[in-house]
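Just so you know, full-length UniProt numbering puts 201 at position 196 of the sequence shown, and the rest follows in order with no gaps.
Each remark here refers to the structure printed beneath this line.
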Amino acid sequence: IPVAPFTLTVFGATGDLSRRKLIPALFHRDLDGQIPDEATIIGVSRRPLSDDEFRAFARQALNDHIPAAELQGPEVDRFLGRLSYVAADAGAEPGWSELASRVAAQADHVPVYYLATAPALFGPICEKLGKYGLAENGRVVIEKPIGKDLKSAIALNQQVGRIFPEDRVYRIDHYLGKETVQNLMALRFANALFEPLWNNAHIDHVQITVAEALGVEERAGYYDTAGAMRDMVQNHMLQLLCLVAMEPPSSLDADAVRDEKLKVLRALKPIDDHNMATVTVRGQYRAGASAGGAVPGYLEELGSSRSQTETFVAVKAEVENWRWAGVPFYLRTGKRLASRVSEIVVNFRPVPHSVFDDTAGPIDPNRLVIRLQPDEGVKLWLMIKDPGPGGIRLTHVPLDMSFAKAFKVRNPDAYERLILDVVRGNQTLFMRRDEVEAAWRWVDPILEAWRSAKEPPRPYTAGTWGPSAAIALIERDGRTWLEDG
Ligand code: BG6
């Protein structure tokens, strides 16, 4: 879908997000012919750089993150030609008038401001955008972490909201831009097959795993102030849970979808110091091994022996409504786990009665696996008869749809879609203010219960599936984690 000409201003343009994600994503869209000729991109940060120096920075970002074969054509120079640079500081005046005149020079463009900066700068940057007349008709994009608890999230949302009305605020959760996550909506609402079974009469439980093999590495400084609950569960994991659990919206209109997600967040059973010990596990990795060899523990990476920040969380969440009563949603996420796997596994109930005799073997319940990464795809596990002339022996096989094999196209990065959705004015895949706050409302008492229990996180060896307590959490309910759905 074509987009209108835009002027995208990226604050924090020389930072990590810009280098690793935004510049490569914009180049890819340009390469695919999706960016109108007139569109321009203005980088802003405190560093004094010329336009050419910023272009050289962007060129390096492309070299580092895009396969060389895609950087051979004239598109690279066309893309770099869209870039310019203004040095400005959120706390000082120089640079802002220059930025304002560059944006004003393209008055017929959609003005987009991407705040790829520390959240502490969101408020001050928005204020300056307001003061220099840049906010009018402008759209602002902000990233997590949106606060570190409910109170700070409300304060941050208020600061941004003083300048930009909610319908021009785009809160990115990049998991919502992943192909397979959007496919979850297609799977649920474009097939007649699943929705009638999508409830507690037919689904036994749901598992959501977002496992990373990497440690925190050079992000230890930020990570130590957050931990896995704030970094992954409050946003990505809860968004995935919402997409599985929400009622069918009446359309894909942004508010129709977000209203349904909000209802799920509000229906989450509270976890506090009464039940925290039985339904949550927090862990922290120790030295161990990954595919590449020996790896240090979290405390070594951080350079401090005292941190009690969790690098792993497992939670048994419950959605208290008619559809989901009694169906646990087991969530787990962690750094330095055995492999990089993100998937949602919907486990159906067993058949009510077996017509087969013992020689047929056990009947495994059906499972629907939505694999986010790697090897994006969808698998439906079914029971069939083992081929052969003997009696009936049953076996479990997957109907397996790998996107890479089925479509043979490059899987676009989440940011490619999300940035252009901002220009399109489509907020469906962005978090609304009340959603973010509802997620914190559920997370805050868990963090508080952990804090008051004063128990250190449980150690786990890097390269494993987390602390044994996480296995006990699900096995207590007579279920097991599925390592490869
Ligand atoms: C980010 C977290 O939001 O998501 C990181 O801050 C995490 O800690 C990352 O590594 C995971 O994203 P992806 O797309 O690699 O699964």
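Each residue gets a CB set at the ideal place from its N, CA and C atoms; glycine is no exception.
| task | Within the same chain, show all residues whose beta-carbon is closer than 7 angstroms to that of R176, passing over the 5 residues directly before and after it, in chain order. | result | I147, I151, F435, M436, V441
| Nearest neighbour of L245, chosen from H179, L307, R87 [CA to CA] | H179
| said: Can you tell me whether R311 is buried or exposed? The criterion is at least 16 other CB atoms within 10 Å of its CB, across all chains shown. | reply: exposed
| field | Buried or exposed (CB count within 10 angstroms, at least 16 for buried), P29 | value | buried
| said: At a cut-off of 7 angstroms, would you count H33 as near ligand 1, judging by its Cβ distance to the nearest heavy atom? | reply: no
| Cβ pair R354, H207 closer than 8 angstroms | yes
| Once you ignore the five residues that flank R422 on each side, which residues in its own chain have a CB closer than 6 angstroms to its CB? | G182
| Chain-order list of residues whose beta-carbon lies under 7 angstroms from that of P370 (same chain, five-residue window excluded) | D209, N352, F353, R354, P355
| query | Can you tell me whether Q77 is buried or exposed, with buried defined as 16 or more other CB within 10 angstroms of its CB? | reply | exposed
| query | Exposed or buried, which one is D380 when buried takes at least 16 other CB atoms within 10 Å? | reply | exposed
| request: Taking only heavy atoms of ligand 1 into account, decide whether any of them is closer than 7 angstroms to the Cβ of S295. | output: no
| field | Expected contact under 8 angstroms - CB spacing of F169 and V428 to nearest Å | value | So it is not a contact: roughly 16 angstroms between Cβ atoms.
| query | From A121 to D236, what does the alpha carbon distance come to, in whole angstroms? | reply | 16 angstroms
| request: Closer than 7 angstroms by C-beta to V215: which residues in its own chain qualify, once you throw out the five before and the five after it? Chain order, please. | output: M237, H241, M242, T338, S347
| query | Taking 7 angstroms as the cut-off, does the CB of H70 come closer than this to any heavy atom belonging to ligand 1? | reply | no
| field | E323 classed as buried or exposed, judged by whether at least 16 other C-beta atoms fall within 10 angstroms | value | buried
| D154 beta carbon less than 8 angstroms from that of A449 | First, the amino acid is wrong: residue 449 is Asp here, not Ala. A contact, by the Cβ cut-off of 8 angstroms.
| request: Using the Cα positions of R291 and A231, report the straight-line distance between them to the nearest angstrom. | output: 18 angstroms
| query | How would you label W327, buried or exposed, when you count the other beta carbons within 10 angstroms and need 16 or more for buried? | reply | exposed
| request: Grab me the residues of Q111's own chain with a C-beta within less than 6 angstroms of its C-beta, minus the 5 sequence neighbours each way, in chain order. | output: T12
| Using a threshold of 7 angstroms, is the CB atom of S255 nearer than that to any non-hydrogen atom of ligand 1? | no
| Is E217 near ligand 1, judged by its Cβ being under 7 angstroms from some heavy atom? | yes
| task | Name the two residues that bound the continuous alpha helix (DSSP H) containing E480. | result | 473-480
| field | Any non-hydrogen atom of ligand 1 closer than 7 angstroms to S347 Cβ | value | yes
| query | Mapping DSSP to helix, strand and coil, what is M190? | reply | helix
| Contact set for F59: own chain, Cβ-Cβ below 8 angstroms, skip 5 residues either direction | A18, T19, G48, L88, S89, Y90
| request: Give the DSSP bridge partners of W455, in chain order. | output: None, per the DSSP bridge assignment.
| field | Where L88 sits in the DSSP three-state scheme | value | strand
| Ordered along the chain, which non-local residues of its own chain (more than five positions away) have a Cβ less than 7 angstroms from that of N205? | R328, W329, A330, G331, V332
| request: Pick out the complete beta strand (DSSP E) segments inside the region 100-156, 3 residues or longer, and give them in chain order. | output: 115-120, 144-148
| According to DSSP, which residues form a beta bridge with N352? | H210, R372
| query | Closer than 7 angstroms: is that where the CB of residue 538 sits relative to any heavy atom of ligand 1? | reply | The chain is shown from 6 up to 490; residue 538 falls before or after that span and cannot be answered.
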